[in-house]
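Worksheet for the structure shown next.
Protein chains in written order, with this note's numbering: chain D, -15 to 311; chain V, -15 to 311.
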């Protein structure tokens, strides 16, 4: 099979392709080729048993989507997006890429005209929800985003459902939790501290905690994010019905519980590297974020995530640090 | 003030403009001009104390929205839409007019660049909901449309909220109940019988009831629909918050209750003109429609509708039949 990954140079896209290279197949099928599209070149996975192609293009330019599907990939994983902060600062760019780009893709598939009907995985976000909401957001709670990014993702979900209902493709929308622990350098995103306070101390570095330890949030590891994609790519979609946007499972905990998990996994010395530097601006932003979910449909459909924050930390140590950390 | 009505030649648009002509003003302000845009020419209201302009144009053509707002109307009532059945049959046309047309309008306002910030009323529909749903759909229930029309309306609501949140205009989204009793000739829409079984018998004509008398649905009169627009145009929008798509109040009743109300208002002879001709296709379509709502926000914000079906019938007799019917 041929797999197209839009946004294939990003963190989740890269890990997904690496997983495909390790697994050598998907859902019992051999993979002939993986095409990774992004605005900058994706690097090839190590030891891939399939052809790998990195394409740089801008999905939001008319005609690009048609080129991307010209080879009729059986699976399309659509991870390409302008992130929340940038979509808020640059209104036009956010709508052009997150909304128009998605429509170009969906319409290119619809208009292929040769019976083409790929599986399409659309990554959405818990940013489709906006405060006030219930302490545990149910699967049937309404989407009232408070960012342009969340609006664009909610619209993408609606389009995915309608295009699937009309039979143009076989879509699965997955709303990702905050992915934690993100590898790489400390992130300036408002959500960055959730990862920073784990990753940096394990690396022997100090990290800043800008919010109260009572802040509660919804997490899953990068390994789980890849697992969601694999499951969405291989599941029996006849079980989903027309409501194809699914809140993925995750683990809800407070920052205090994150720190306690770090203490258990890595010890007091590591925890001491977390410095409290309250930032009322970040505190205010985070206060508007979902804290917990009562996500029932996705687990019932076979999606799984971590069931403790210790597990999330251990995934990071295994997958990013080769099993070791700076004690 | 200058008021622009998009879809101004349709039933609700026409009645709204006639109401403005009778009232002579809106929210205590004098009306200088009303522009009615549609794909066919709107007729002028009788005895209007304001200038009236009928424009024919296609909002879904690039550049048309800019022309429509060139005079910077303070109030824009956006009723223009391809209806449900047609949007389902002609996928491209539905998206072009209901989604692209709406975006052209919203973006033209956003890009005006001279501090222009009109009140924008967007008429949505209970078609944003798709079965299965609760017997009474709450204000926080999710929108999972099962038609392309409902999808386009749900997307319009999301855009309206985001553009309002960003300060580009002051939007109010109103989800209309099924408008009953619709004046005019019997309608072939699946929902047409709700009006036909009242309007035709009052006119001395037979009408066909294609579904079970146990079918329950959600109604408001054309007079209430106009009242929703007037209230949305004049209300204090600082009370709404960012969730600007509101399920309008309505009256929920079964077809049996509709018929009983007709009996009370008009007598047994009129009721006898309803013929039962079961149509399993229409029965199936109607089974997927909302039956009732627990709409709390809109009434709390001052929107009102009828509180009995007898009242809905009397509104029809008063407004359309000059107070008389064929007994």
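The beta carbon of each residue, even a glycine, is placed where N, CA and C say it ideally should be. Remember, predicted model here, so these are calculated numbers, not experimental data.
* My understanding is that residue 296 of chain D touches residue 203 of chain D, with C-beta atoms under 8 Å, so please give their C-beta distance in whole angstroms. => Yes, residue 296 of chain D and residue 203 of chain D are in contact; Cβ-Cβ is about 6 Å, under 8 Å.
* **For residue 131 of chain D and residue 82 of chain D, the rounded distance between their alpha carbons** => Between residue 82 of chain D and residue 131 of chain D, the C-alpha separation is close to 13 Å.
* Provide the residue(s) that pair with residue 40 of chain V in DSSP beta bridges, ordered along the chain. => Per DSSP, V/22.
* **Under 8 Å from the C-beta of residue 44 of chain V: neighbouring residues of chain D** => Against chain D, a Cβ distance below 8 Å from residue 44 of chain V picks out nothing, because the smallest value is about 15 Å.
* Between residue 287 of chain V and chain D, is there a C-beta pair that is closer than 9 Å? -> For residue 287 of chain V, no CB of chain D lies under 9 Å from its own CB, so it is not counted at the interface with that chain.
* Asked: With distances taken between CB atoms, is the gap from residue 197 of chain V to residue 238 of chain V smaller than 9 Å?
  -> Taking a C-beta distance under 9 Å as the contact criterion, residue 197 of chain V and residue 238 of chain V qualify as a contact pair.
* Asked: Quick one: Cα of residue 138 of chain V to Cα of residue 229 of chain D, how far?
  -> CA-to-CA, the gap between residue 138 of chain V and residue 229 of chain D works out to about 15 Å.
* Runs of alpha helix (DSSP H) wholly within the stretch 27 to 98 of chain V (minimum 4 residues, chain order) -> Taking 4 residues as the minimum length, the alpha helix (DSSP H) runs contained wholly in the stretch 27 to 98 of chain V are 48 to 52, 68 to 73, 75 to 78, 85 to 94, in order along the chain.
* Could you say if the stretch 83 to 96 of chain V and the stretch 10 to 21 of chain V meet the contact criterion of at least three C-beta pairs nearer than 8 Å? => Flag = no, the stretch 83 to 96 of chain V and the stretch 10 to 21 of chain V do not touch.
* Asked: For the stretch 213 to 242 of chain D, which segments carrying the beta strand (DSSP E) assignment without a break, of at least 3 residues, lie completely within its bounds, in sequence order?
  -> Within the stretch 213 to 242 of chain D, the complete beta strand (DSSP E) segments at least 3 residues long are 229 to 231, 235 to 238, listed from N- to C-terminus.
* Asked: Can you tell which of V/123, V/265, V/104 has the C-alpha that lies nearest to the C-alpha of residue 151 of chain V?
  -> Selected option, being the one with the closest Cα: V/104.
* To do: Tell me where the beta strand (DSSP E) around residue 196 of chain D begins and ends.
  => First-last for residue 196 of chain D: undefined, no H or E at that position.
* **Sheet register partners of residue 135 of chain D (DSSP bridge)** => Residue 135 of chain D is bridged by DSSP to nothing; it lacks a bridge partner.
* Kindly indicate which residue of V/268, V/218, V/306 has the alpha-carbon position closest to the one of residue 9 of chain V. => Considering only alpha carbons, the answer is V/218.
* To do: Compare the beta carbon distance of residue 16 of chain V and residue 35 of chain V with 9 Å and say whether it is the shorter of the two.
  => The answer is yes: Cβ separation under 9 Å.
* With respect to the beta strand (DSSP E) encompassing residue 176 of chain V, which residues constitute its N-terminal and C-terminal limits? -> Not the beta strand (DSSP E): residue 176 of chain V falls in the alpha helix (DSSP H), residues 176 to 186.
* To do: Give a yes or no on whether the minimum CB-CB distance between residue 132 of chain V and chain D is below 9 Å.
  => Using a CB distance cut-off of 9 Å, residue 132 of chain V counts as an interface residue toward chain D.
* Asked: How far does the alpha helix (DSSP H) with residue 153 of chain D in it reach, from first residue to last?
  -> It is not in any alpha helix (DSSP H) - residue 153 of chain D carries neither H nor E in the DSSP assignment.
* Asked: Relative to the alpha-carbon of residue 53 of chain V, which residue among V/101, V/231, V/249 has its alpha-carbon at the smallest distance?
  -> If we check each option's Cα against that of residue 53 of chain V, V/101 comes out closest.
* To do: Throw me the rounded Cβ distance for the residue -13 of chain D and residue 59 of chain D pair, which I believe falls under 8 Å.
  => Yes, residue -13 of chain D and residue 59 of chain D are in contact; Cβ-Cβ is about 5 Å, under 8 Å.
* **Simplified DSSP state of residue 246 of chain D, which is helix, strand or coil** => In the structure shown, residue 246 of chain D falls within a helical segment according to DSSP collapsed to helix, strand and coil.
* Contact list for residue 200 of chain D against chain V, beta-carbon separation under 9 Å -> Per Cβ cutoff of 9 Å: no residues; residue 200 of chain D is ~21 Å from chain V at best.
* So what does DSSP say about residue 271 of chain D, is it helix, strand or coil? -> Three-state DSSP puts residue 271 of chain D in a helix.
* Asked: Closest to residue 142 of chain V by CA distance: which of V/226, V/5, V/73 is it?
  -> Ranked by Cα distance from residue 142 of chain V, the options V/226, V/5, V/73 are led by V/226.
* **Beta-carbon proximity of residue 188 of chain D to residue 310 of chain D, cut-off 9 Å** => Yes, the Cβ-Cβ distance between residue 188 of chain D and residue 310 of chain D is below 9 Å.
* To do: State the start and end residues of the unbroken alpha helix (DSSP H) segment that holds residue 297 of chain V.
  => Here the alpha helix (DSSP H) through residue 297 of chain V covers 293 to 305.
* Asked: In chain V, which residues lie with their C-beta within 9 Å of the C-beta of residue 36 of chain D?
  -> Per Cβ cutoff of 9 Å: no residues; residue 36 of chain D is ~35 Å from chain V at best.
* **Partner residues on chain D for residue 226 of chain V, Cβ-Cβ distance less than 8 Å** => Those are 114, 128, 130, listed as they occur along chain D.
* To do: Count the other C-beta atoms from every protein chain shown that fall within 10 angstroms of the C-beta of residue 287 of chain V, then say buried if there are 16 or more, exposed otherwise.
  => By the neighbour-count rule (16 or more Cβ atoms within 10 Å), residue 287 of chain V is buried.
* **Residues bridged to residue 204 of chain V [DSSP beta-bridge criterion]** => For residue 204 of chain V, DSSP records a beta bridge to V/163.
* If we ignore side chains and look at the alpha-carbon of each, how far apart do residue 244 of chain D and residue 173 of chain D end up? -> Distance between the alpha carbons of residue 244 of chain D and residue 173 of chain D: 23 Å.
* Nearest chain V C-beta to residue 125 of chain D closer than 9 Å, yes or no? -> Cβ-Cβ to chain V under 9 Å: yes for residue 125 of chain D.
* Just grab the DSSP bridge partners of residue -11 of chain D for me. => Residue pairing by DSSP puts residue -11 of chain D in a beta bridge opposite D/20, D/61.
* **Inter-residue Cα distance where the pair is residue 307 of chain V and residue -8 of chain V** => Straight-line Cα distance between these residues: approximately 26 Å.
* With a cut-off of 9 Å, does the C-beta of residue 119 of chain V fall near any C-beta of chain D? -> Closer than 9 Å to the CB of residue 119 of chain V there is not a single CB belonging to chain D.
* Asked: How big is the Cα-Cα spacing for residue 65 of chain D and residue 118 of chain D?
  -> Spanning the two alpha carbons is a distance of roughly 28 Å.
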